[in-house]
Structure formats: C-alpha cells, structure tokens
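Undergrad: After the structure tokens below, expect a handful of questions from me.
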Amino acid sequence: MEALPANATRFLADAEALAALLPDGAQIAMPPDYSLPAMAVVRALVRRRARGLRLLGVPVLGMCADLLIGAGCVAEVETSAVSLGEAGLAPRFTEAAEKGEIAVRDATCPMVHSGLQAAEKGVPFMPLRGVLGSDLVAGRPDWKVIQNPLAKDDPIILAPAISPDVALFHARWADRAGNVWLGRRRELATIAHAAKATFVSFEHLREGDMLEDELLAPGVLGSVYVSALAPAARGAWPLGVADEYSIDDAHVMTYAKAAKTREGFRDYLEQWVLTPEKSYSPA
Amino acid sequence: MGSYAREELLACVIARLIGGAAHVAVGAASPIPATACALLAARGQRLRVSLLHKRKGNPFSEGSRELFDLAGQGRIDVFFLGGAQIDGEANVNLVRAEGRRFPGSFGSAFMYFAARRTILFREEHSRRVLVPKVEFVSAPGSSAPDVWRRGGPQALLTGKALFAWQPERRRFRLESVHPGSSLEEVRDCTGFDFDCAASVPQTAAPTPEDLTLLRGPVAREIAANYPAFGRRVWELGASHSKS
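So, in structure tokens, the structure goes:
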C-alpha cells in the first residue's frame, strides 16, 4: 500500500477516490452501523470491484459489511457479530458464512477494543477479564491465556495488539487542517490510533482548525492520524449521522428483504449501488 | 383481568427480576428489557439505565468500549443475554446451531462474567432453543473456582415460563408458568432437565397501574429507540414518539 505521511493529510475529490486508494486484500477496521459508517465509500468499493478485503468489526458489523460480502469483496471477517439490528440477520453474511465462502474469526466486543487499545499504546497485548471457558478461545490461537504474574492461581486472557491496515469511517465535519470531528464516537479515534492509515469521508468542511476550539477539540481526531479525507454528503446513508440525519429504517428493511436471495441482492446493487448518481438518498 | 400483550407481561416479569438494582445495561435489539427498565423508571424507581443503542443521547462519551469498561469496574448490576441456544447449565450460544450461522457472540463472553447479574431472555421456548447442550459456548454459565468471575446468571425468562438459576446445583428451577401455557407444555418444549416444585404457580399478570404506564410514557419512550417494536406492540410510529 502507498505510504501515507502523517504530516500531510490528503484531500481527495470524493468517495470513489478514497475507495481507489484502498488496496485489495487490506484489513479494514470499520465501525458498527450506528457509529458513523462510511457507506458511500463502501458503495464505491463495490463499484471498483474490490477483492480479498479483510474486515475488522469494531466491535460488530452490519449493513456495510453485508453489502461488501454479498458483492464478493470480502475474504475474511473478524468481528463480535454481524447483524442488521431491528431489520434482523445480515443475509449475505449469514449465507457466505454457512457456505464457507468467507473466513469468520469470531471475537467478543471487549477483546476487539482491547486489541486496538494495545496497538494505540504500542504494547504487544492487553489483558482482559472473562472470556475463559468460551469456545471462542479455541478458535483464536492468537488469544493467549497466562497466569496473572501479580497474583496466584489467576488465569487471564491476553488480546494481542491489532494494527489494521486501514481505519475507514465517516465524520460529520472535517476542517482545512485535516482534523475530523467524531463527537462521542471515541472508538473511532481508537481505531485511527491503532491503524496504519485512516481514511475518512465527511459531511461538511469547516474553515479553520477545530483543535483551536475548546468545545469542539474533545471530539476531534487530530490530523496526525488522518491519511486521506473526502467529502461525501449524506455519506452514511441509509445509516445515520447524529444531529444531521437519522437511520433510514425503511431503506434498511428494504435491503434486508432484498438481500435474502442472491437475485434480490443483485437487483439491490443494480438499483442503489452500481449506478453512482442513484447512490444517495434524496435529502 | 383485562387483556394485555405478551410483550407487556414479559416486561413486567423482567421489571420484577431487576428489582432494586442501581444500574441496568440493555444491549442490542432488546426492546422488552428496555421496556422493563422504562416501566421501573415510570414507577418512580431511581434506576440508571444505560441503553446501548439509544438513538439520541446515548449514555456513553468514550464510544462503545465504555460499557465494557464500566462492567469491568463492577458498575453494571444487571445485563441481558439471549441465545440461538441456551442449555440447562446456562451456557449461551450466539454463533451457530444446526448448520445455521447466527450473528455472533457480541460482548457476552465478557459481560456474563463482569455484570453482577445476567437475566437470560429468549421469547422462543422450544427444544430447538432450550437444548441439553449448546453446540458452541459463546459464554459459559459457570466457571472453575480459580477463574475470576464477578457475576453470572440470575434467571431464564421465555415466552412460556420463568426459571430461576441455582448456582450451587448448576441447574434451573421452574418458578412460574405464564398464563396460556401449562407445566406439561413447558416440559414438552424444554430440551434440558430442570427442578420443579410439586405445584408451580402461574406468572403474575401485569397490574392495571403497570398497563397504564406501559401504554403511556413507556410506549412513547421505547418507540423512539425501537420503532418497529413500538409499531407492533402499541401501534406507535417513531414520529409519534418524538413529540
């Protein structure tokens, strides 16, 4: 993957340009559907026929992942769950997993968070309570169980540091200095800290530098972490951005129904993804 | 006795199970537990409810990891888990069963240990769900003595019955059977053995006071976060609920 310097955030034209920079085979860390997913970039990845992507759900995945899986872009998914929330099971994930068309590395939410937190601190692992006795452990030879060196007879599990190739998400605001505003979705900051590169689509560009504003700064991800940015109005649709637009429940339900069959999914792609100008919801 | 929805009955049972807890966390796709919490709040109980998927103003400012950090610190009293399968030792399977893939374990493998009490909740009461032994343990019902564990199962509530968990015996005990079901039906539909007194009472129906609260302030609050559920149970739309 092209080296992206930490002192020169690149402003790109649009979601297509971000998707073009994401190499096939990359491990991409993505937020859940409720936490600023970069849907416009996901659709652009489908259009550019991305292949062999390895998705990391932080800590779970939804429609974004289901679209990529159904479109054949995904080789592996590491996640604590894939679900469409109230719209039910993620149909393309479910079928691909049942037929063995993708590899699934099952996790549990805090193991994912802890692995990313280890990476953001630059340490090799982070211990976590619980998990012992779960069959998840047998499927994850990278998770190690050790004796707590500070106590006796106290086994504890270690989450190895996770450094994804790319963190990919959407933000409400970016500014001219290359900072992005995540608000309370601080897990996105953790992903960006841990990832080798961070690609962000955004709703609005602000003049000035948000880090100079005391009220905005706590919700800002500094440009030191941001590799590339691109505008994407309604870029999370049909999912939501707090205080901008809410999740389009009817559309997600339409997707959930269509994607139950391969034919229905293909029709959905034709109508909503493969023709760029139709990709965005009317405001 | 007036008529009520099954969801209303289940919410009232969960409210009783929550009892005097100080802090309840409600995870993904759990409208009935959320309804129970809203009912307790509407009754005037001082209860902190952390609704993970609250669409506006969710309780966390450190992202989704904050729930797990809170639980790790011992600040979550009650949590809820469901399962594609649940067995007689209170093991929970959220991954795969009978060749079918389910969404995944979510935070269960941690929360079952770290929350002080977990209420197992699954509306479907069948031998498909309540099995002798789960095919995959997402989260175990109990742990070896040397394994750190703050809490564990409290009860198992289904659409037909309520079971209490007996940690010393590592078995469920049938507490009550819901109106419309029978002990015989519960036995037929349960794939695991459980303890049972000579006479098992019927689950108490919602009181008129609770039904009034459920259909008023509770319904409006829940429909805002679970619009499909609000429409189904109370015929409320999301737009309705924002007023």
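Here the protein sequences come in this chain order: A and B.
Here this note's numbering = 1-based position in the first sequence + 137.
Here this note's numbering = 1-based position in the second sequence + 188.
By construction, the Cβ of each residue, glycine as well, lies at the ideal position given by its N, Cα and C atoms.
Quick check on residue 423/A: buried or exposed, where buried means 16 or more other Cβ atoms within 10 Å of its Cβ?
TA: Summary: the structure shown does not reach residue 423/A, with chain A confined to residues 138 through 420, and so no result is reported for it.
Undergrad: Leaving out five residues before and five after residue 375/A in sequence, what residues of the same chain have Cβ atoms less than 8 Å from its Cβ?
TA: Excluding positions up to five away in sequence, the list reads 176, 200, 384, 385, 388, 389, 392 and 418.
Undergrad: Express the C-alpha separation of residue 315/A and residue 426/B in angstroms, rounding to a whole number.
TA: Its pLDDT being 45, under 50, residue 426/B is placed unreliably in this model, and the coordinates cannot settle the point.
Undergrad: Could you tell me which of 213/B, 231/B and 208/B sits nearest to residue 400/B, measuring between CA atoms?
TA: Nearest of 213/B, 231/B and 208/B to residue 400/B, Cα basis: 231/B.
Undergrad: Measuring straight from C-alpha to C-alpha, what distance separates residue 257/A and residue 410/B?
TA: The straight-line gap from Cα to Cα measures roughly 37 Å.
Undergrad: DSSP on residue 242/A, reduced to helix/strand/coil?
TA: Strand at residue 242/A.
Undergrad: Could you tell me whether the Cβ of residue 420/A comes closer than 8 Å to any Cβ of chain B?
TA: Below a pLDDT of 50, predicted positions are generally treated as unreliable, and residue 420/A, at 46, falls in that range; the measurement from the model is reported next regardless. Not an interface residue.
Undergrad: Can you name the residues of chain A whose CB is closer than 8 Å to the CB of residue 326/B?
TA: Those within 8 Å of residue 326/B in chain A are 245, 271, 272 and 273.
Undergrad: Give every residue of the same chain whose Cβ lies closer than 8 Å to the Cβ of residue 345/A, excluding the five residues on either side of it in the sequence, and list them in chain order.
TA: If we look at residue 345/A and ignore the five residues flanking it on each side, its Cβ neighbours are 312, 313 and 314.
Undergrad: Whose C-alpha, out of 168/A, 160/A and 242/A, is nearest the C-alpha of residue 210/A?
TA: Comparing Cα-Cα distances from residue 210/A to each of 168/A, 160/A and 242/A, the minimum goes to 160/A.
Undergrad: Give me the chain B residues within the contact set of residue 362/A, using Cβ-Cβ distance strictly less than 9 Å, ordered along the chain.
TA: Those within 9 Å of residue 362/A in chain B number zero; the least Cβ separation is about 15 Å.
Undergrad: Just verifying my parser: in three-state terms, what is the DSSP assignment at residue 413/B?
TA: Residue 413/B: helix per DSSP, three-state reduction.
Undergrad: Roughly how many angstroms separate the alpha carbons of residue 330/A and residue 362/A, rounded to a whole number?
TA: Their backbone Cα atoms lie some 6 Å apart in a straight line.
Undergrad: What does residue 364/A pair with, by DSSP beta-bridge criteria?
TA: Answer by DSSP bridge pairing: none, since residue 364/A is not bridged.
Undergrad: Within the 8 Å Cβ cut-off, does residue 222/A reach chain B?
TA: Judged by the 8 Å Cβ criterion, residue 222/A is in contact with chain B.
Undergrad: Does residue 424/A have its Cβ less than 8 Å from a Cβ in chain B?
TA: Since the displayed chain A opens at 138 and closes at 420, residue 424/A lies outside it and no answer follows.
Undergrad: Suppose contacts are defined by Cβ-Cβ distances below 8 Å. Is residue 339/B in contact with residue 306/B by that definition?
TA: Yes, they are a contact pair.
Undergrad: Determine which residues share a DSSP beta bridge with residue 424/A and list them.
TA: Residue 424/A lies beyond the stretch modelled for chain A, which goes from 138 to 420, so this question has no answer here.
Undergrad: Identify, in the order they occur along the chain, each residue of the same chain with its Cβ nearer than 6 Å to the Cβ of residue 95/A, setting aside the five sequence neighbours on each side.
TA: Since the first residue shown for chain A is 138 and the last is 420, residue 95/A is missing from the structure and cannot be characterised.
Undergrad: Rounded to whole angstroms, what is the Cα-Cα separation between residue 353/B and residue 382/B?
TA: About 10 Å.
Undergrad: Among 394/B, 407/B, 344/B and 395/B, which residue has its Cα nearest to the Cα of residue 380/B?
TA: When only C-alpha atoms are compared, the closest one is 344/B.
Undergrad: With DSSP collapsed to three states, give me the class of residue 252/A.
TA: Here residue 252/A sits in helix by DSSP.
Undergrad: Does the CB of residue 208/A have a neighbour CB from chain B at under 8 Å?
TA: Chain B contact via Cβ: absent.
Undergrad: DSSP puts residue 292/A in a beta bridge; with which residues?
TA: Note: residue 292/A sits in a beta bridge opposite 284/A.
Undergrad: Throw me the rounded Cβ distance for the residue 266/A and residue 242/A pair, which I believe falls under 8 Å.
TA: In fact, because the Cβ distance is near 21 Å, the residues do not count as touching under 8 Å.
Undergrad: For a cutoff of 8 Å on Cβ pairs, would you count residue 80/A as touching chain B?
TA: The structure shown does not extend to residue 80/A, since chain A is modelled only from 138 through 420, so no value can be given for it.
Undergrad: Where in the segment 306 to 357 of chain B do unbroken runs of the beta strand (DSSP E), each at least 3 residues long, occur, reported from the N-terminal end onward?
TA: Fully enclosed beta strand (DSSP E) runs of 3 or longer: 340 to 346 and 349 to 354.
Undergrad: Report the three-state DSSP secondary structure of residue 408/A (helix, strand or coil).
TA: DSSP places residue 408/A in helix when its eight states are reduced to three.
Undergrad: What span of residues does the beta strand (DSSP E) with residue 330/A cover, start to end?
TA: Run containing residue 330/A: none in the beta strand (DSSP E); it sits in the alpha helix (DSSP H), 323 to 331.
Undergrad: If we call anything under 8 Å between Cβ atoms a contact, is residue 319/A one with residue 358/A?
TA: Taking 8 Å as the Cβ cut-off, residue 319/A and residue 358/A qualify as a contacting pair.
Undergrad: Contact criterion: CB-CB distance below 8 Å. Does residue 317/A meet it with respect to chain B?
TA: No, residue 317/A lies away from the interface with chain B (no Cβ there is under 8 Å from its Cβ).
Undergrad: When the Cα atoms are used, what is the spatial distance from residue 208/A to residue 186/A?
TA: For residue 208/A and residue 186/A, the distance between alpha carbons rounds to 8 Å.
Undergrad: Check whether the Cβ of residue 336/B lies closer than 8 Å to any Cβ atom in chain E.
TA: In the structure shown, chain E cannot be found, because the protein chains are A and B.
Undergrad: If we ignore side chains and look at the alpha-carbon of each, how far apart do residue 286/A and residue 282/B end up?
TA: Their backbone Cα atoms lie some 32 Å apart in a straight line.
Undergrad: For residue 262/B, is the classification buried or exposed, using 16 other Cβ atoms within 10 angstroms of its Cβ as the cut-off for buried?
TA: The residue is exposed, with fewer than 16 neighbouring Cβ atoms inside 10 Å.
Undergrad: Report yes or no: is there a C-beta of chain B within less than 8 Å of the C-beta of residue 371/A?
TA: Answer no: the Cβ-Cβ gap between residue 371/A and chain B never drops below 8 Å.
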